[in-house]
Amino acid sequence: MARAAESLRTRFPCVGHSIGTELTIFVSGLVPGRDYAERGQALGCPESAGYQELLNAFSGRAVGTVRPLFHGPVTYGSGGWEQIDRHGFSVVGANLYRNGDNMTSCTRALRALQRHGKPVVITEFGYCTFTGPGSGAVGAA
């Protein structure tokens, strides 16, 4: 992918490369579980302790692999539960979804991303899919 992205970047300089998104649930081996649903449920369990360190080691290796092949901006789309080491990235990427419970904290989270002194991109965004996002009411849709 990095080679293909670099080929595009040479023609379209604004092209960037993301090493992934929410890898803790979409890649096996960082958090216990057979699929993303099981890994998502396991995030708060004791057997998942240490997943932040595994994620950062994995992302560091990924950035080290991508950088020699892709010479544009590199990012990662982090989930709100992930504490990604942003050091190797040229752009801070995060997935932010507003709902009735996080209307004020979502804005604070967005502002906090700027502390890294790098450009910020929201790699996923929108409203959560349940009755009442943005109103404070929570119910299954």
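In the working numbering, the protein residues as written are -12 to 128.
Ideal Cβ positions, reconstructed from N, Cα and C, are used throughout, including at glycine.
Predicted model, so just to flag it, every value in this text is computed and none were measured.
Same chain, Cβ closer than 7 Å to residue i, five either side skipped, listed in chain order
| i | result |
| --- | --- |
| L100 | V79, A81 and V107 |
| E34 | P19 |
Terminal residues of the alpha helix (DSSP H) in which residue i lies
| i | result |
| --- | --- |
| S(-6) | A(-11) to R(-2) |
| G27 | Y23 to A29 |
| R98 | M90 to A99 |
Cβ-based burial, residue i [other Cβ within 10 Å; buried from 16]
| i | result |
| --- | --- |
| A132 | Summary: the structure shown does not reach residue 132, with the chain confined to residues -12 through 128, and so no result is reported for it. |
| S92 | exposed |
| G51 | exposed |
Where residue i falls: helix, strand or coil (DSSP)
| i | result |
| --- | --- |
| S46 | helix |
| V78 | coil |
| C1 | coil |
| R102 | helix |
| L17 | coil |
Enclosing beta strand (DSSP E) for residue i [first to last residue]
| i | result |
| --- | --- |
| G113 | V107 to Y114 |
| I6 | H4 to T8 |
| S65 | V61 to S65 |
Residues of its chain near residue i, where Cβ-Cβ distance is below 6 Å and the 5 sequence neighbours each way are ignored
| i | result |
| --- | --- |
| R26 | I12, V18 and G20 |
Whole-number beta carbon distance between residue j and residue i, since they are thought to touch under 8 Å
| i | j | result |
| --- | --- | --- |
| G47 | G75 | 6 Å |
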